[in-house]
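Colleague:
Number of protein chains: 2
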Amino acid sequence: MAAAPVWSVDPRTGKQREQVAVEATAQEVDAAVRAAHAARASLADRAVRAAFLRSAADQLQAAKDQLVEVADAETALGPVRLTGELARTCYQLRAFADIVDEGAFLDVVINHPDDTATPPIPDLRRYKVPLGVVAVYSASNFPFAFSVPGGDTASALAAGCPVVVKAHPDHPALSELVAIVLRRAAAEHGIPEGVLGLVHGFEAGVELVKHPLVTAAGFTGSVRGGRALFDAAAARPVPIPFHGELGSLNPVLITEAAAAERAEAIGAGLAGSMTLGVGQFCVKPGLVLAPAGDAGDRLLKSLTDAVSDVGSGVLLDHRMRDNFLAGVAERAELPEVESPVTAGAGGDHTVSPGFLTVPAEKLAAEGEHDLLLEECFGPLTVVARYTDEDEAKSVLSRLPGNLTATVHVSGEEAAEGGRGPELLAELTPLAGRVLVNGWPTGVAVAAAQHHGGPYPATTSTSTSVGGTAIERWLRPVAYQGAPEALLPPELRDDNPLGLPRRFDGRLER
Amino acid sequence: MAAAPVWSVDPRTGKQREQVAVEATAQEVDAAVRAAHAARASLADRAVRAAFLRSAADQLQAAKDQLVEVADAETALGPVRLTGELARTCYQLRAFADIVDEGAFLDVVINHPDDTATPPIPDLRRYKVPLGVVAVYSASNFPFAFSVPGGDTASALAAGCPVVVKAHPDHPALSELVAIVLRRAAAEHGIPEGVLGLVHGFEAGVELVKHPLVTAAGFTGSVRGGRALFDAAAARPVPIPFHGELGSLNPVLITEAAAAERAEAIGAGLAGSMTLGVGQFCVKPGLVLAPAGDAGDRLLKSLTDAVSDVGSGVLLDHRMRDNFLAGVAERAELPEVESPVTAGAGGDHTVSPGFLTVPAEKLAAEGEHDLLLEECFGPLTVVARYTDEDEAKSVLSRLPGNLTATVHVSGEEAAEGGRGPELLAELTPLAGRVLVNGWPTGVAVAAAQHHGGPYPATTSTSTSVGGTAIERWLRPVAYQGAPEALLPPELRDDNPLGLPRRFDGRLER
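Chains as they are written, first to last, in UniProt numbering: chain A, 1 to 509; chain B, 1 to 509.
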């Protein structure tokens, strides 16, 4: 059987641009994993890892023009957005280099012998070591930031783990280019190119998660694909951690008082967030609880005007476009669902944004309207009109887990003594990030970031964005009774590397 | 169908002592989980949780005489060991109270807006919140420390998570007694008794891990039982973290130089560790790599003498005794396996300790001798004699994951410039705790402890002993753009609770 070709496709025309590669066979996946496994020792030195990450950022920036051009040809995301995404990706690589230098992620804990404890404590010293080869599954919608050079790869390399990336079929040419750039950066520091493997093909992705030398996986994509890989990871003879970001509705609650205070601004802000990037963000607000009545009507009027002004756009691929159009049609046909602005086909290759409305009571109990509680990837949102907040809360209580949950409150509600804390507490169980008077699109790269949430938002309690993303690829190891001469410098009393640590109970920074 | 009775059994006679309870039906499991779920709010205040944990320790100590008597009657572990185990359990409850008070486990991170970042950082504040109801599966071999009041329960309550415990059938009467004591302690602080549920029965355990309101599970037990529950946890519509400690061989490498230096002491130490508690520890050394030749012979002589001096003992139940005797017999029949001291049946209810020897080369490649690389629960160890260290290392490379790995080195090897670091690096991939010149039995309760390891030692990268065990029951949540008035005190700029935190990049302690 001939190897299946991997084509780069232009989503603006649906035409094949070029054949980039062929799908990897099981033998090729095995070779990539073994090469990555063999590269582990080259990442052992933290200073080398940090330098590698910084070189990777430099080289990606140097190749910016070519990379953005190819990315745009494959994804139609446009040069402005892609240039910004590449800058974000380089920033992220450098941020992880800083995290490697600081070393707090090693979680160093030292206990000297203590005979007063029950039972007595011997000399115990703990830190974290890299797990081994990490499989990374690229996302369609972020060809840089959640793909070959993205957060999963950056955090895994920072942790000391080589990576094998399963390329997303929406941007195979870019994936190959980026891999070459990253390997060039690795070579500058004597790191073999096997440190970053790249494979194409659905079956190759399944092989990858099952490979005995793969120790963990990071994934960004659909519930269906992610769950299948999660299940495969759990079913292995030796199960591995699978950190998948699968899907999120990102509910927004607009209080009556907030709508009364600034209906127009909220409507316009919502339109901007839900149509950004042709609605192709994991954190697109997909369900909005807005009050019935006059203030809510004004909000909808503003939303209608703003969404109507947004032109049509190209989705990442034609399968997504078909799914979007089918998803919109299926939802719009439900009883009592209206389409103030109808999302639909633009030309042959584009889609136009829109939104639906539904009485919130239709979502308060199980029924056919539950379809509205499923993510519809693309520029569509659902506005559920509630008659009182208990109705809104009963809808929220029925939602699966989310990456984000948002509340818009009035000035009085947000003030000391207002009901803001109660609303925040209501939303906290729903999501990994809770926003007040903002919009969920835009995920900052920061230590305090958490991009994750209850299933299916993520399959674990971890984050894929921000400094703590590194924790996914490490495991603790404790040394007992080891003389100083045997210990790695990270665990020696005199702290030659100046690491933050817990030393006999005290936090030292 | 009548409910199946749950009997307390005396392992010294095999006779039923009393009927303690009946196995829980699915409805009863549901009721226990719902009661626990309803108790969540009562654990929201950290000060209340800490006080509850301390009261639990006080009340358990106050009930010591009764508890130890019942525990001994059900487990035959003896009053000295059980009194020590109860003291350890109370120490652990108090240690988690201290951890709750300190609050470092909340992992507070605050980022103020930063327009120089790419993309700009909004106001983001992150900490950790409890997951919800935790299912705890008790161990047979630690009726206190890894059962109803043990580390899983203590760390879950410390995290703010109510618990439903699946009692171990080896100590159902003690489990009921301890639950009453813990609920009494809860009542002192206005916490409803549902905060600690208790169910009996194999089927009840399966129901528990599948319950939609159960958010995580902790398990200590066999590979077979633990894997079945892990699989059930992963197969749920909403998968949950399953932190299971399943099995471990705990390899020990004795270098030629160490044997030459102190063969007798090592042999005697090994005998003590492998027979401690009738060999019923998860961290019992089950495979020892000792050099062939004279020094190794002296070590074996010392081991033989010391093991022969250890009397027979009662195992936790008769099924374990049957399995142990069958396991010993099956292993002893393998070619080139010898039994310098034959483990076997003592009287009708006891077993005597022993050990086997085998040439290490028999374990260096796949074959029938692989049975010797599986844990045999009880007072048996296997000494593999190696002719050179490469042979020893090829055996080590074939082992599944372990809780511990131990190396005995000579004074010269342990000194600065010796080969100690190389040996430590060899052992690190094998286990979660690496010991030098010690024995793995005895697991200290300390911040630097790590009781976990590569699968099947544990099903996750977490620990079930020591301060970081609390991390298993938490998830991060980030608040974006929330005015101070809406934020919990943990996340406010002025740090009214005095928590250690990361504040705009700086570590504050």
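For glycine and all other residues, C-beta sits at the position ideal for the given N, C-alpha and C.
1. Is Asn495(A) close to chain B? Criterion is C-beta to C-beta, closer than 8 Å.
2. I need the boundaries of the beta strand (DSSP E) containing Leu403(B), first residue and last residue.
3. Between the Cα of residue 522(B) and those of Leu246(A), Ala117(A), Asp58(A), Val310(A), spot the shortest distance and give me the residue it belongs to.
4. With a Cβ-Cβ cutoff of 8 Å, do Ala185(A) and Phe52(A) count as a contact?
5. Report the start-end ranges of each beta strand (DSSP E) in the region 196-222 of chain B that is 3 residues or longer and not cut off at the edges.
6. So, helix, strand or coil for Asp114(A), using DSSP?
7. Should Leu67(A) and Val178(A) be called a contact, given that it needs their Cβ atoms to be closer than 8 Å?
8. By alpha-carbon positions, which one of Ala448(B), Val434(B), Gly277(B) ends up nearest to Pro454(B)?
9. Less than 8 Å between the CB atoms is what I'm expecting for Ala431(B) and Thr404(B), so what's the real figure, rounded?
10. List the residues of chain B whose Cβ lies closer than 9 Å to the Cβ of Pro421(A), in chain order.
11. Closer than 8 Å, CB to CB, is Leu276(A) near chain B or not?
12. Taking Ser55(B) as the reference, give the member of Val29(B), Gln16(B), His189(B), Gly354(B) with the closest Cα.
13. State the CB to CB distance for the pair Arg475(B) and Glu484(B), rounded to an integer number of angstroms; the pair is presumed to be in contact (CB under 8 Å).
14. So with CB distances below 9 Å, who are the chain A contacts of residue 511(B)?
15. Output yes or no for whether 8 Å exceeds the beta carbon distance between Arg472(B) and Ala216(B).
16. List the endpoints of the continuous alpha helix (DSSP H) containing His349(A).
17. What do you reckon, are the CB atoms on Gly244(B) and Ala38(B) nearer than 8 Å?
18. Report the option in Glu69(A), Leu174(A), Ala26(A) whose CA atom is closest to the CA atom of Trp7(A).
19. Residues in its own chain within less than 7 Å of Ala232(B) by CB, not counting five upstream and five downstream?
20. When the Cα of Ala57(A) is compared with those of Asn111(A), Arg183(A), Ile110(A), which residue comes out closest?
21. Specify, as a first and last residue, the run of the beta strand (DSSP E) that Val318(A) falls within.
22. Could you name the residues that DSSP lists as bridge partners for Asp390(A)?
23. I'd like to know if Phe96(B) contacts chain A, where contact means its C-beta is closer than 8 Å to some C-beta of that chain.
24. So, are the CB atoms of Val283(B) and Thr441(B) less than 8 Å apart?
25. What residue from Glu490(A), Asp494(A), Leu316(A), Cys376(A) has the CA that sits closest to Leu246(A)'s CA?
26. Expressed to the nearest angstrom, what Euclidean distance is found between the alpha-carbon atoms of Asp45(A) and Ala167(A)?
27. Which chain A residues are close to Gly418(B), counting only those with a beta carbon under 7 Å from its beta carbon?
28. Here's the rule: buried if 16 or more other CB atoms are within 10 angstroms of the residue's CB, otherwise exposed. What is Val80(A)?
29. Have a look at Asp317(A), Gly327(A), Glu256(A), Ala329(A) and flag the residue whose alpha-carbon is nearest the alpha-carbon of Asp297(A).
30. Could you tell me the boundaries of the alpha helix (DSSP H) in which Arg81(B) lies?
31. Counting only Cβ pairs nearer than 7 Å, list the residues of chain B close to Gly197(A).
32. According to DSSP, simplified to helix, strand and coil, what is Ala478(B)?
33. Look up Ser339(B) in the DSSP assignment and say whether it is helix, strand or coil.
34. Is His189(B) helix, strand or coil when you go by DSSP?
35. Could you spell out the range, first to last residue, of the alpha helix (DSSP H) harbouring Ser302(A)?
36. Please report the residue range of the beta strand (DSSP E) in which Asp243(A) lies.
Modeller: Once the coordinates are examined:
1. no
2. 402-408
3. As displayed, chain B neither begins before 1 nor continues past 509, which places residue 522(B) out of reach and without an answer.
4. Yes.
5. 196-199, 214-220
6. strand
7. It is a contact, given that the beta carbons lie within the stated cut-off.
8. Val434(B)
9. Confirmed, Cβ separation roughly 5 Å.
10. Ala485, Leu486, Leu487, Pro488
11. no
12. Ser55(B) has its Cα closest to that of His189(B), out of Val29(B), Gln16(B), His189(B), Gly354(B).
13. Between Glu484(B) and Arg475(B) the Cβ distance is about 23 Å, and since that is not below 8 Å, they are no contact.
14. What the structure shows of chain B is the stretch from 1 to 509, and residue 511(B) is not part of that stretch, so it cannot be assessed.
15. Contact: yes.
16. Note, His349(A): premise wrong, no alpha helix (DSSP H); not H, not E.
17. No Cβ-Cβ contact shorter than 8 Å links Gly244(B) with Ala38(B).
18. Leu174(A)
19. Val206, Val209, Lys210
20. Arg183(A)
21. The residue you asked about is not Val; residue 318(A) is His in the sequence shown. His318(A) -> not in any beta strand (DSSP E); alpha helix (DSSP H) instead, spanning 318-332.
22. Beta-bridge pairing links Asp390(A) to no other residue.
23. It does not; no Cβ of chain A falls within 8 Å.
24. yes
25. Cys376(A)
26. 28 Å
27. Ala485
28. It is exposed - the Cβ of Val80(A) has fewer than 16 other Cβ atoms within 10 Å.
29. Glu256(A)
30. 79-102
31. Ordered by position in chain B, no residue passes the 7 Å Cβ test against Gly197(A), which lies about 21 Å from the chain.
32. strand
33. Three-state result, Ser339(B): strand.
34. coil
35. 294-308
36. In the sequence as presented, Asp is not what sits at residue 243(A); that position holds His. That run of the beta strand (DSSP E) goes 242-245.
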